[in-house]
Structure formats: C-alpha cells, structure tokens
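Visitor: Chains as they are written, first to last, in our numbering: chain A, 3 to 153; chain B, 3 to 153; chain C, 96 to 183; chain D, 96 to 183.
Even glycine gets a Cβ: it sits at the ideal position worked out from N, Cα and C.
Predicted model only: the values in this text are computed from it and were never measured.
What follows is a structure written as structure tokens; I'll ask about it next.
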C-alpha cells in the first residue's frame with residue numbers, strides 16, 4: 003500500500019528500508035506549501051485513481067530496486083491536507099550515498115510523472131483551482147457551478 | 003551546536019528547517035553499518051576536534067544557505083555508537099526539490115571533506131582500526147600496545 | 096465508422112478531478128460498437144455527454160494501465176480519462 | 096634553523112585519534128623558537144616525542160582553523176595535527 007489517507011509517519015518509512023548493511027539513507031518529503039501560482043493557499047485536497055496509482059507506485063519501487071542496489075519506501079497521502087502536512091515521502095537506503103541520492107531523486111520524479119494523483123487547491127480569496135503542470139501558470143480554475151449550469 | 007553525544011532525533015532536525023513556503027525537504031542519514039573493509043563491525047566510536055568541527059559545520063551551513071535558497075539542519079553524533087545508529091543527519095528544505103537534493107548532497111560531501119571527526123571500529127574478531135579514506139583498504143589497524151611499548 | 100458494427104460492448108468510463116467536474120460525473124456507462132478504440136470512446140463521450148471541454152488529447156488508461164488511443168476496447172473494460180498528473 | 100632564535104614560544108600541540116595513539120598523548124606543550132612555522136613544529140614533534148610514525152604530510156590547524164605548514168606560530172597558539180578525516 004503506497005497511498006494513505008492518514009498522516010505519513012516518516013520514522014516508519016525510514017525503518018522500513020533500514021538494514022544493517024545499508025548505511026546511507028536519502029529521504030525526500032514534499033509538504034503542502036502556503037502559496038502556489040502567486041496565490042495564498044488555504045486548503046488542499048489530493049484525489050487519485052487508486053488502483054492504478056498503487057500499481058504505478060509498486061512498479062516504481064520495483065524498477066528502482068532493479069536499477070540500483072537500494073531499498074525503497076514510498077508513501078503518498080490523499081484527501082484533505084493542511085499547510086505543512088507531508089503529501090509524499092520517499093526513503094531510499096543503500097550501502098553508499100551516491101546510489102541513495104540518485105535513486106531517491108529518480109523515485110520522486112517518477113511519482114510525479116506516472117502516478118495518477120490530482121491536487122485541488124483552495125485559495126484564501128475563496129477561489130478553487132486544479133493544479134495542472136501543463137497549463138500556463140500551473141493551475142486551471144475550478145468552475146463546478148458554471149459547468150453544472152450548462153447541462 | 004552541530005555535534006551531539008545523544009541519539010539524533012530526525013523529526014527535530016526536519017522540524018528545524020520546515021517552513022510553510024519550503025515544501026521540498028531532502029534528508030540524508032548515515033547509519034553505522036555492520037561491516038567495513040570486509041570485516042564484521044561490532045562497535046564503533048567517533049571522536050572529534052570539537053571546537054574546530056563546530057566551526058566547520060557552521061561554515062558549511064552558512065555557505066550552503068548562501069549558494070542555494072534553502073534552509074539547512076546538520077547534526078553529527080560522537081562517542082560510542084551501535085550498528086544501525088544514525089551517525090550523521092542533514093536536512094535541507096527548499097521551495098523546490100532540485101535545490102533541496104543538490105544542496106543536501108553538497109552538505110554531506112562537505113562534512114566528509116572538512117569536519118575533523120574520526121572513526122574507530124572494533125571488529126567481531128577483537129581487532130581495532132581507524133577508518134582512513136586515504137589508506138589502502140580504507141582502514142589503518144590500531145596498535146596502541148605496540149606503540150606504547152616503544153617508548 | 097463507429098456505427099458500422101452491429102455488435103456493441105459496454106465500457107465503464109472513469110473521470111477524475113477536473114474532468115469529473117467538467118463532465119459532471121465520475122463514472123459513466125458507455126455503450127459502444129464492437130472494435131471501438133479508446134480514442135474513439137473519448138470522442139463519443141465528448142459528443143454524447145456535453146464533454147467538449149475535454150482537451151483534444153487526454154491521457155488514457157484501460158483497466159488501470161496506461162493505454163494508447165489506438166487500444167481496442169473489450170466488453171467490460173474500464174476506461175479511465177486522466178487529467179494532467181499533479182502528484183508529489 | 097630552529098635553534099638560531101634566542102626567544103622561544105610555547106605552543107599546545109593537539110593530537111587526535113590514530114595520531115594520539117601513535118604519540119601516546121593527545122596534548123603536548125612544546126617550547127619552540129620564535130618565528131617557527133607549523134610544519135617545523137611537526138618535525139620537532141617527530142624528533143623529540145618518538146612521533147616518527149606521523150606521516151610526512153599531515154593536515155594542520157592553528158587555533159581551530161585549517162593552516163598551511165608555512166604558517167608562523169605565535170606564543171600560546173594551539174596547533175592541531177589532524178589524521179585523515181573520517182566523519183559522516
């Protein structure tokens with residue numbers, strides 16, 4: 003299970019990869035920032051195509067452990083998050099720090115590229131947007147009312 | 003204070019760099035491995051030239067925060083450690099993961115290159131060595147008795 | 096071309112995040128001609144379900160695995176239409 | 096050359112880890128001629144304190160900052176002789 007609706011416990015994640023012969027552990031955590039696209043973020047929610055997301059996460063972990071002599075732990079949170087909450091955490095243990103750093107970086111890049119997860123931001127002014135890295139400015143405003151009234 | 007004789011608390015270190023506008027945190031921990039130079043390690047002790055080590059650590063943190071838009075926390079443990087204990091931990095927070103990863107890697111490389119800390123390993127067969135990255139094999143056997151008897 | 100076939104299959108279309116908001120549903124049951132491709136199913140959805148807000152090129156998955164628009168759908172398939180990913 | 100000077104200074108030599116083990120002490124008080132350089136102080140230590148196990152080139156620090164062997168020592172300086180670093 004790589005997705006959770008509960009707060010991510012980093013100590014548990016690190017313990018998952020720790021082994022007596024793996025002295026170097028690189029960990030990445032992505033936490034909710036208080037601003038995005040020049041707007042002040044007040045609330046944030048992650049949703050997912052969960053069955054596919056679990057499959058993709060498992061694939062990323064398996065591929066990483068095949069590419070480098072490392073052990074990988076990965077967790078992505080879903081649901082409503084507060085500013086400062088950890089949204090994603092990756093921990094990679096290896097005998098040597100080069101592999102740990104390179105593999106950790108690869109995992110988080112792959113998560114962003116492959117795992118079907120979406121982020122909905124609510125701003126201090128009450129507006130709501132979907133985060134879209136392909137859109138100009140990185141967001142697309144949410145218009146649930148406008149769309150609903152079209153039908 | 004960057005040196006400690008107490009166990010390193012990673013959560014405290016990460017909390018030290020976390021800020022609402024710094025969403026990406028890269029963390030490195032180096033833990034005591036159960037083998038080195040082909041020998042089974044049973045005990046390990048770190049010593050230091052503490053006043054200089056503190057000064058070098060402060061310099062590394064200051065330089066890193068000048069080179070990248072990051073916040074850095076760094077802690078190195080001294081004294082007797084057990085297998086699996088965290089010897090060094092670096093946590094780097096930034097708005098973006100590129101800076102966090104690159105700066106975290108730089109900090110740990112600088113620690114290894116500049117901070118006067120030494121490592122004494124006791125092996126399962128009772129022999130003792132000083133870790134010396136410049137020596138063939140990476141260690142120099144300890145001979146306290148032989149040396150003492152010369153005088 | 097979609098109408099040439101006499102057999103039809105049933106496909107569950109899944110919509111997520113902004114696309115679910117656009118279409119006003121997160122799950123639609125589509126009745127489609129046998130041999131239909133994933134990309135054709137999205138075109139069908141655009142026309143039949145007021146989903147013309149869907150961009151011309153969308154990321155697709157069939158039964159939880161990424162799939163090309165040319166992928167031929169089978170009866171009972173789950174076709175997911177994925178907005179640009181924003182995890183991490 | 097070390098003996099040309101008539102004035103003398105006192106320097107605290109600090110030895111660490113394997114070097115402390117080699118010399119059998121982690122702190123020695125050295126009386127050295129005025130104007131002595133850090134590298135000369137190490138040579139003095141090798142001769143006078145059975146420290147010939149010290150390698151020809153060692154890492155030095157004066158008063159807690161890395162220093163070159165050419166660094167001229169002053170009375171009361173703390174000269175640290177550092178084995179290859181092994182932190183992290």
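#1: Using a Cβ-Cβ cut-off of 8 Å, state whether residue 159 of chain C counts as contacting chain A.
#2: I think residue 29 of chain B touches residue 12 of chain B, with their Cβ atoms under 8 Å apart; what is that distance to the nearest whole Å?
#3: On the DSSP bridge list, what partners appear for residue 136 of chain B?
#4: Please compile the residues from chain B whose C-beta is within a distance smaller than 8 Å of the C-beta of residue 62 of chain A.
#5: Is residue 114 of chain C closer than 8 Å to residue 164 of chain C when the C-beta atoms are compared?
#6: How would you write the range of the alpha helix (DSSP H) that residue 60 of chain B sits in, first residue to last?
#7: Give me the residue from D:152, D:116, D:128 and D:169 with the minimum Cα distance to residue 136 of chain B.
#8: Relative to the C-alpha of residue 103 of chain C, which residue among C:117, C:142 and C:167 is closest?
#9: Which residues, in chain order, does the segment 128–143 of chain A contribute to contact with chain C at a C-beta distance below 7 Å?
#10: Kindly say whether residue 49 of chain A, judged by its beta-carbon, lies nearer than 8 Å to any beta-carbon of chain B.
#11: Going by DSSP in three states, residue 36 of chain A sits in which element: helix, strand or coil?
#12: Going by beta-carbon coordinates alone, are residue 140 of chain D and residue 125 of chain D separated by less than 8 Å?
#13: To which residues does DSSP link residue 77 of chain A through a beta bridge?
#14: Compute the distance between the beta-carbons of residue 95 of chain A and residue 113 of chain A, then report whether it is under 8 Å.
#15: Under a Cβ-count criterion, where at least 16 other Cβ atoms within 10 Å of its own Cβ denotes burial, should residue 14 of chain A be classed as buried or exposed?
#16: So that I know if they touch, is there some Cβ in chain B lying closer than 8 Å to that of residue 81 of chain A?
#17: Measuring straight from C-alpha to C-alpha, what distance separates residue 84 of chain B and residue 79 of chain A?
#18: Here's a check: name, in chain order, each residue in its chain whose Cβ is nearer than 6 Å to the Cβ of residue 22 of chain A, leaving out the five neighbours to either side.
#19: Count the CB pairs spanning the segment 85–94 of chain B and the segment 103–122 of chain B that are closer than 8 Å, and state whether there are at least three.
#20: From which residue to which residue does the beta strand (DSSP E) around residue 119 of chain A run?
#21: How long is the line joining the alpha carbons of residue 132 of chain A and residue 173 of chain C, rounded to whole angstroms?
#22: Please confirm if residue 149 of chain A has its CB atom under 8 Å from at least one CB of chain C.
#23: I need the boundaries of the alpha helix (DSSP H) containing residue 99 of chain A, first residue and last residue.
#24: Strictly below 9 Å CB to CB, what residues from chain A border residue 37 of chain B?
#25: Looking at C-alpha atoms only, which residue of A:61, A:97, A:124 and A:45 is the closest neighbour of residue 26 of chain A?
#26: Across which residues does DSSP place residue 31 of chain A in a beta bridge pair?
#27: Measuring alpha carbon to alpha carbon, tell me which of A:24, A:140, A:86 and A:129 ends up nearest residue 88 of chain B.
#28: For residue 173 of chain C, which of helix, strand or coil comes out of DSSP?
#29: Sort C:105, C:117 and C:131 by Cα distance to residue 145 of chain C and report the nearest one.
#30: Could you say which of D:160, D:159 and D:136 lies nearest to residue 149 of chain D if we only look at CA atoms?
#31: Using a Cβ-based criterion (distance less than 7 Å to any ligand heavy atom), does residue 167 of chain D qualify as near the ligand COA?
#32: Taking the Cβ atom as the reference point for each residue, do residue 2 of chain B and residue 47 of chain B lie within a distance shorter than 8 Å?
#33: Are the segment 115–129 of chain B and the segment 46–62 of chain B touching, with three or more C-beta to C-beta distances below 8 Å?
#34: On the CB-based measure, 16 or more other CB atoms within 10 Å of its CB, does residue 134 of chain A come out buried or exposed?
#35: Based on Cα-Cα distance, which residue from A:139, A:143, A:145 and A:144 lies nearest to residue 39 of chain A?
#36: Find the residues of chain D that neighbour residue 120 of chain B, judging by a C-beta separation of less than 8 Å, and give them in chain order.
Guide: Well, looking at it:
#1: yes
#2: Correct: roughly 7 Å between the Cβ atoms.
#3: Per DSSP, none; premise fails for residue 136 of chain B.
#4: The contacting residues do not exist; residue 62 of chain A stays about 16 Å from chain B at best.
#5: no
#6: 52–69
#7: Ranked by Cα distance from residue 136 of chain B, the first of D:152, D:116, D:128 and D:169 is D:152.
#8: Taking each of C:117, C:142 and C:167 in turn and checking the Cα distance to residue 103 of chain C, the smallest one comes out for C:167.
#9: Under the 7 Å Cβ criterion, the segment 128–143 of chain A contributes 132, 133, 134, 135, 136 and 142.
#10: No, residue 49 of chain A does not count as interfacial toward chain B.
#11: Of the three classes helix, strand and coil, the one that applies to residue 36 of chain A here is coil, per DSSP.
#12: yes
#13: A:91
#14: no
#15: exposed
#16: no
#17: 33 Å
#18: If we look at residue 22 of chain A and ignore the five residues flanking it on each side, it has no Cβ neighbours.
#19: Counting C-beta pairs closer than 8 Å gives three or more between the segment 85–94 of chain B and the segment 103–122 of chain B, which meets the contact rule.
#20: 119–125
#21: About 24 Å.
#22: For residue 149 of chain A, the predicted model reports a pLDDT of 43, less than 50, meaning its position is unreliable; a value from the coordinates is still stated below. Yes, contact with chain C.
#23: 99–116
#24: Ordered by position in chain A, the residues that pass the 9 Å Cβ test against residue 37 of chain B are 22 and 23.
#25: A:97
#26: A:91 and B:27
#27: A:24
#28: strand
#29: For the residues C:105, C:117 and C:131, the minimum Cα distance to residue 145 of chain C belongs to C:117.
#30: D:136
#31: This structure lacks the ligand COA; in fact it carries no ligand of any kind.
#32: Only positions 3 to 153 of chain B appear in this structure, which leaves residue 2 of chain B out of reach.
#33: yes
#34: It counts as buried.
#35: Of the residues A:139, A:143, A:145 and A:144, the one whose Cα lies closest to the Cα of residue 39 of chain A is A:139.
#36: The contacting residues are 111, 112, 113, 178, 180, 181 and 182.
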